[in-house]
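Each remark here refers to the structure printed beneath this line.
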C-alpha cells in the first residue's frame, strides 16, 4: 500500500540504511502470548548504591531506527558502566513486533525498546510486556518536570508511569516556500483555526503549482504528497472516522464503518489527488523520480507526521516551512494524529536495575540533545525547544509556536499508541486500501467488502486482551 510504504520509506528506511541489520534475535513467527490480567511488576528496586555490581551484565536495546544515535548512547554508557554490555538489536519495522514476541517467548526479552514498530504503548501494556517505572522514579527521585506534562500523562495508567517520554510532535504540512513564491501564492497558514484553509483551497493552490506530463512523469512538477498515517486520519480532516471514539479511549472496540457514503466520498477524494488531478505521484512515478520528490524540490507540499523533520532538517537547496493540515471543509471538526514515543522497560528483564540505569542515561538532556542535533524529530523535553526552533531557519519563533502548539491543541494521540492490536487492525486497512492506492478501483467498490473482517478482528482482539 502506498501510504504504508511511504511511512516506512520516509520515516524508517532512510535511517535503517545507516546501520547493519543484526540477526541476534529469532525471526520465526510465534503465537501471541496469553495476556496477563495485569502487566507484571518488576522486582522492588534495590538501593541505587547496590546496583554497582562487578558481575558482567548484557542488556538488549531493541530498535528499528535511530541506530547511529543508539550506538553512540551505548558506547557512552559503557564507558561509565564497564560491567554492562549493551547489545543493539536492529530489525525491520514490519518485523518489529513478531521478533519481539519471539524473544519474549524464548525467555530473552529486550530490556528496552520504543514504539518504532507497527504496535504501540497500549498494545504492549495489554500484553503485560512493560514494567511500572514509578518504583524507580520514586526511589531515585528522578526529575520528570522537564517533560511536557501531557506526554507523561499519555504513558500513565492508574497513576503509574509505564513509559519514559522520548519524542513529541503531531502531523503537519511541510511545504516548499520557493515553489509557492514562484506561483504567486500565499503560504499555507500556521494558524490551525484558519477555516479558509480547506481541502478545496489546497486543491486550488495545487492547480496553480502542478504540471503533469503523462509522457514524462518523472520530470513533472507535483503539488502534494500524501504521507499522513494511519490512513483513517484523512477522514479526521472532515471530523469523520472509520472507528468510534471509544476505540481510542479504551483501546478496544467492536465497531468499524467502511460503508458510510460520507467516508467513501472522503477516501475517493484521497484517491483523486493522484489519479484524477495528478497532484501526487503514483508508486511507479515516485520510484521513477529517483528519490524523495519533496526533498528534491519537485513537490510543493508534503502531508507528514512528525517524522517529516528527519528529512527537512537536512534540506538546504530551498526554503521550507511547516503549516497546519487543512480542514476537510470549513465546518469540519478536524483533528490530526499526535505522535509521542516512550522508551519502555521489559517487565521480564533479568537485569531491571541495570536496564533502568540505561533508560535514565538515554533519556538524559545530554543524550536527547545529541539525538536532536543529528537532525531528528522534536523531543518531549521542554528545555530543548530552543534548540529545536533553531533548526527551522525560515520561520519566526511566533510562527513555529503557532503551528506546533496548534497541532497539539487540535490533535489526539495516534491510534497506534492507544489501540490494542493496532498492527493487526492496520494490516486489514492496508489490504482494504490497496485498490485505492493503486488506482485499480474506487473507494465505493472496495472498502465496504472489508467491513465485516475489520469488525471481526476488533472483537477477536477484545476477547483476547480486555480485562
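Numbering (the working numbering), first residue to last: 120 to 586. The beta-carbon is built from N, C-alpha and C at its ideal position, and this holds for glycine as well.
Candidates the options, of which the one nearest residue i by Cα
i	options	result
residue 297	273, 437 and 289	437
residue 176	559, 341 and 476	476
residue 532	281, 287, 264 and 208	287
residue 359	455, 267, 341 and 558	455
residue 351	474, 579 and 544	544
residue 285	479, 445 and 534	479
residue 565	237, 409, 386 and 439	386
residue 322	541, 223 and 395	395
residue 181	343, 580, 263 and 211	211
residue 527	497, 503 and 561	497
residue 355	556, 492, 199 and 457	457
residue 575	375, 307, 424 and 184	375
residue 665	500, 462, 413 and 562	The chain is shown from 120 up to 586; residue 665 falls before or after that span and cannot be answered.
residue 294	413, 348 and 409	413
residue 573	514, 491, 361 and 314	361
residue 522	269, 445 and 179	445
Rounded straight-line distance, which links the Cα of residue j to that of residue i
i	j	result
residue 400	residue 407	10 Å
residue 404	residue 327	21 Å
residue 578	residue 373	5 Å
residue 291	residue 283	24 Å
residue 430	residue 174	42 Å
residue 377	residue 519	36 Å
residue 140	residue 530	Here residue 140 scores only 31 on pLDDT, less than 50, and its place in the model should not be relied on; the value that follows carries that caveat. Approximately 34 Å, taken between the alpha carbons.
residue 247	residue 304	52 Å
residue 559	residue 388	15 Å
residue 271	residue 302	43 Å
residue 191	residue 277	35 Å
residue 503	residue 468	31 Å
residue 546	residue 216	13 Å
residue 167	residue 204	Confidence at residue 167 is low in this model, with a pLDDT of 44, below 50, so its placement is unreliable and no value can be given for it.
residue 266	residue 256	14 Å
residue 580	residue 341	41 Å
residue 540	residue 238	7 Å
residue 582	residue 363	18 Å
residue 439	residue 289	18 Å
residue 423	residue 516	21 Å
residue 474	residue 391	49 Å
residue 494	residue 347	20 Å
residue 441	residue 416	15 Å
residue 188	residue 548	33 Å
residue 584	residue 223	17 Å
residue 315	residue 507	29 Å
residue 570	residue 381	15 Å
Contact set for residue i: own chain, Cβ-Cβ below 8 Å, skip 5 residues either direction
i	result
residue 448	317, 318, 319 and 357
residue 335	none
residue 525	309, 310, 311, 312 and 443
residue 367	531, 532, 534, 537 and 538
Close beta carbons around residue i, own chain, < 6 Å, minus the five adjacent residues each side
i	result
residue 331	339 and 397
residue 482	283
residue 460	233, 234, 285 and 286
residue 535	239 and 541
residue 152	Summary for residue 152: the model assigns pLDDT 34, below 50, so the residue's position carries little reliability, and this model does not support an answer.
Extent of the continuous alpha helix (DSSP H) to which residue i belongs
i	result
residue 253	253-258
residue 523	516-529
residue 222	215-224
residue 407	402-408
residue 472	471-481
residue 537	534-537
residue 245	240-245
residue 191	186-199
residue 250	Note, residue 250: premise wrong, no alpha helix (DSSP H); not H, not E.
residue 587	Outside the modelled stretch of the chain, which goes from 120 to 586, sits residue 587, for which no answer is possible.
residue 503	It is not in any alpha helix (DSSP H) - residue 503 carries neither H nor E in the DSSP assignment.
residue 262	Segment: none, residue 262 is in no alpha helix (DSSP H) and carries neither H nor E.
Residue interval of the beta strand (DSSP E) (run including residue i)
i	result
residue 285	283-288
residue 338	Note, residue 338: premise wrong, no beta strand (DSSP E); not H, not E.
residue 668	Nothing can be reported for residue 668: it is not among the residues displayed for the chain, which extend from 120 to 586.
residue 176	176-182
residue 233	231-233
Same chain only: Cβ atoms within 7 Å of residue i, ignoring 5 sequence neighbours per side
i	result
residue 195	none
residue 568	none
residue 299	306 and 419
Min CB distance residue i to chain C below 8 Å
i	result
residue 494	Here there is only one protein chain, and chain C is not present.
Can you check the segment 322-388 for any beta strand (DSSP E) of at least 3 residues that lies completely inside it and give the ranges in chain order? With a minimum length of 3 residues, the continuous beta strand (DSSP E) runs that stay inside the segment 322-388 are 341-345.
At what residue ranges does the segment 423-455 contain a whole run of the alpha helix (DSSP H), taking only runs of 4 or more? Counting whole runs of 4 or more residues, the segment 423-455 contains the alpha helix (DSSP H) stretches 428-431.
Mind pulling the alpha helix (DSSP H) runs of 4 or more residues that sit fully within the segment 540-585? Annotation note: the segment 540-585 contains the following uninterrupted alpha helix (DSSP H) runs of length 4 or greater, listed N- to C-terminal: 541-551, 553-557, 562-565 and 570-584.
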